[in-house]
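Asker: Sharing a structure below in structure tokens format, with a few things to ask.
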Amino acid sequence: MSSLSRVISSWTLKSLVPTGNYSSIRPPLPTRLRVCKVPPPPLPFFPPIFSFFFLENYISACSVDGSVILSKRSEPQNYTNLYICNDVVNKIFIDTYTPNFPLLQDTPAENQKLFVCNNQNSIKIFDLPSLSSSCVLEFETPINFASISPDKSKMIAVGDSNEIYILDRRESTFIRANTITGNISLFIPSFALDIFPPFFSVSLVSTSSYFCCDWSQDSSKYAVGSQDGEVLVYDIRSTVPITIIPTVNQGYISGACRNLKFTKSDSVELLAFAEHESNFSLVDARTFNQRQVVNIDHQDGSEFYSDSISWPNLLSNSLSKICGMQFSPDSKLLYIGKAPTSFFHILSILCFPLFFSN
1 MSSLSRVISS
11 WTLKSLVPTG
21 NYSSIRPPLP
31 TRLRVCKVPP
41 PPLPFFPPIF
51 SFFFLENYIS
61 ACSVDGSVIL
71 SKRSEPQNYT
81 NLYICNDVVN
91 KIFIDTYTPN
101 FPLLQDTPAE
111 NQKLFVCNNQ
121 NSIKIFDLPS
131 LSSSCVLEFE
141 TPINFASISP
151 DKSKMIAVGD
161 SNEIYILDRR
171 ESTFIRANTI
181 TGNISLFIPS
191 FALDIFPPFF
201 SVSLVSTSSY
211 FCCDWSQDSS
221 KYAVGSQDGE
231 VLVYDIRSTV
241 PITIIPTVNQ
251 GYISGACRNL
261 KFTKSDSVEL
271 LAFAEHESNF
281 SLVDARTFNQ
291 RQVVNIDHQD
301 GSEFYSDSIS
311 WPNLLSNSLS
321 KICGMQFSPD
331 SKLLYIGKAP
341 TSFFHILSIL
351 CFPLFFSN
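Put into structure tokens, the structure is as follows:
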């Protein structure tokens with residue numbers, strides 16, 4: 001029973017009866033990954049696209065020249081091109097908040113808003129589908145990305161500084177609640193110990209900019225990805241990260257973490273993050289101590305299997321840029337945008353990695 005006590009967290013479980021050998025309280029996830037390329041329509045962007053966002057009824061993408069396009073998923077060729085600013089549009093996403101019914105699944109189209117993070121020290125908010133300006137959130141630095149919690153109560157934003165902005169919702173807008181200075185710990189995840197020697201945990205102040213952020217499905221944790229190739233996971237109640245995960249090419253330009261997403265379905269708990277080039281990782285978001293890495297340039301579009309959960313040697317010279325990623329609502333698909341040209345490429349990946357709990 002003592003071995004079980006470490007994994008039982010609910011105080012309401014008062015009586016447990018041993019039934020023999022067991023391997024895990026948490027069932028392992030299937031390991032098959034399937035990659036299929038979707039034929040992309042050409043976009044009116046030059047240089048290439050910088051980010052994209054999927055919703056049930058919309059596809060949106062933005063460019064480094066200050067443009068944003070919006071189209072219905074049923075009619076991807078018929079899009080609206082909106083010029084936002086004369087600077088870089090970094091990231092975009094759509095908020096589905098409904099006043100008085102914040103957790104409503106089927107949000108009326110008139111209550112959906114497009115959030116545009118840009119290099120003009122702001123987040124610009126537009127009404128959908130009209131694309132009329134709703135409001136502007138001002139900051140002290142260019143904003144690279146922002147994310148609204150699944151319970152719709154908070155938003156985090158990160159930019160060209162080592163600060164994490166936490167905002168509270170006030171009806172259809174947000175107000176600044178707290179600012180956290182990013183911390184770095186010398187803690188090394190267990191799957192990387194064969195490369196990095198173990199260190200004592202020492203908190204340091206990060207000077208790296210952050211490119212991306214996202215919330216866990218229960219809104220209790222959030223993660224940010226840094227320019228130096230680190231993913232920091234925070235509990236909302238703490239200002240110190242609970243774990244830090246390095247990218248494969250950490251310390252190199254190609255290893256910068258530019259995209260990061262948690263699954264939002266209760267059936268799967270994963271954290272996915274992509275590097276600037278080629279590699280993306282799937283991490284068990286229940287414990288954050290097991291991981292798989294996939295190099296999208298090494299896949300030919302057929303089914304493949306990846307059973308290894310050790311740190312792989314996937315350093316790649318490929319120039320494929322990962323410009324965005326998004327889980328499907330049921331978390332069975334992971335859409336990944338590649339931007340080697342001015343075309344919109346999507347990889348649909350059946351992402352159920354195999355994580356063993358010994």
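As numbered in UniProt numbering, residues 1 to 358 make up the sequence shown, in order. Ideal Cβ positions, reconstructed from N, Cα and C, are used throughout, including at glycine.
Can you tell me where the beta strand (DSSP E) holding Val64 begins and where it ends?
Answerer: Walking along the sequence shown from the start, residue 64 turns up at place 64. First-last for Val64: undefined, no H or E at that position.
Asker: So if DSSP puts Ser281 in a beta bridge, which residue, or which two residues, is it bridged to?
Answerer: Locating residue 281 in the sequence shown gives position 281, counting from the first residue. BP columns for Ser281 point to Phe273 and Val293.
Asker: Just to confirm, is the Cβ distance from Asp87 to Asn57 under 8 Å?
Answerer: Position 87 of the sequence shown, counted from the start, is the residue given in the question as residue 87. Position 57 of the sequence shown, counted from the start, is the residue given in the question as residue 57. Not a contact, by the Cβ cut-off of 8 Å.
Asker: Using only CA atoms, which one of Lys264, Phe174, Pro142 and Asn178 lies nearest to Ser209?
Answerer: The residue given as residue 209 occupies position 209 in the sequence shown. Ranking the options by Cα distance to Ser209, first place goes to Pro142.
Asker: What's the gap between the Cα of Ile156 and the Cα of Lys124?
Answerer: Within the sequence shown, numbered from 1, the residue matching residue 156 stands at position 156. Within the sequence shown, numbered from 1, the residue matching residue 124 stands at position 124. Roughly 15 Å separates the two Cα atoms.
Asker: So, Gln227 versus Ala256, is the Cβ gap smaller than 8 Å?
Answerer: Taking the first residue of the sequence shown as position 1, residue 227 is located at position 227. Taking the first residue of the sequence shown as position 1, residue 256 is located at position 256. For Gln227 and Ala256, yes; Cβs fall inside 8 Å.
Asker: Can you give the Cα-Cα distance for Ser328 and Cys85, rounded to whole angstroms?
Answerer: Taking the sequence shown and counting its residues from 1, one reaches residue 328 at position 328. Taking the sequence shown and counting its residues from 1, one reaches residue 85 at position 85. Near 30 Å, if we compare the C-alpha coordinates of Cys85 and Ser328.
Asker: Taking Ser238 as the reference, give the member of Ile180, Ser153 and Tyr79 with the closest Cα.
Answerer: Here residue 238 corresponds to residue number 238 of the sequence shown, with the count starting at 1. Ranking Ile180, Ser153 and Tyr79 by Cα distance to Ser238 puts Ile180 first.
Asker: So, at 8 Å on beta carbons, what are the nonlocal neighbours of Asp235 in its own chain, with the 5 sequence-adjacent residues on each side left out?
Answerer: Translated into the one-based positions of the sequence shown, residue 235 becomes position 235. Hits under 8 Å: Ser220, Lys221 and Ile242.
Asker: Mind listing, in chain order, the continuous beta strand (DSSP E) runs of no fewer than 3 residues lying wholly within the stretch 212-270?
Answerer: Here the runs fully enclosed are 221-226, 230-235, 243-246 and 257-262.
Asker: Could you work out which residue in Asn259, Thr247 and Val68 is closest to Gly229 when comparing CA atoms only?
Answerer: As a position in the sequence shown, residue 229 is number 229, starting the count at 1. Among Asn259, Thr247 and Val68, the Cα nearest to that of Gly229 belongs to Thr247.
Asker: Please list the terminal residues of the continuous beta strand (DSSP E) segment that includes Ser149.
Answerer: Locating residue 149 in the sequence shown gives position 149, counting from the first residue. Counting along the chain, Ser149 falls outside any beta strand (DSSP E), and DSSP gives it neither H nor E.
Asker: Taking the beta strand (DSSP E) that Ser172 belongs to, which residues open and close that run?
Answerer: Start at 1 with the first residue of the sequence shown, and residue 172 comes out as number 172. That residue, Ser172, is in no beta strand (DSSP E); it is neither H nor E in DSSP.
Asker: Going by beta-carbon coordinates alone, are Arg258 and Ile164 separated by less than 8 Å?
Answerer: Numbered from its first residue, the sequence shown carries residue 258 at position 258. Numbered from its first residue, the sequence shown carries residue 164 at position 164. For Arg258 and Ile164, no; Cβs fall outside 8 Å.
Asker: How many whole angstroms separate the CB atoms of Phe273 and Ser281, which I take to be in contact at a CB cut-off of 8 Å?
Answerer: Locating residue 273 in the sequence shown gives position 273, counting from the first residue. Locating residue 281 in the sequence shown gives position 281, counting from the first residue. Right, their Cβ atoms sit about 6 Å apart.
Asker: Would you tell me roughly how many angstroms separate the C-alpha atoms of Leu128 and Ala177, rounded to the nearest one?
Answerer: As a working mapping, residue 128 is identified with position 128 in the sequence shown. As a working mapping, residue 177 is identified with position 177 in the sequence shown. Taking the straight line from one Cα to the other gives about 27 Å.
Asker: I'd like the span of the beta strand (DSSP E) that includes Asn121, first residue to last.
Answerer: Position 121 of the sequence shown, counting from 1, holds the residue named residue 121. First-last for Asn121: undefined, no H or E at that position.
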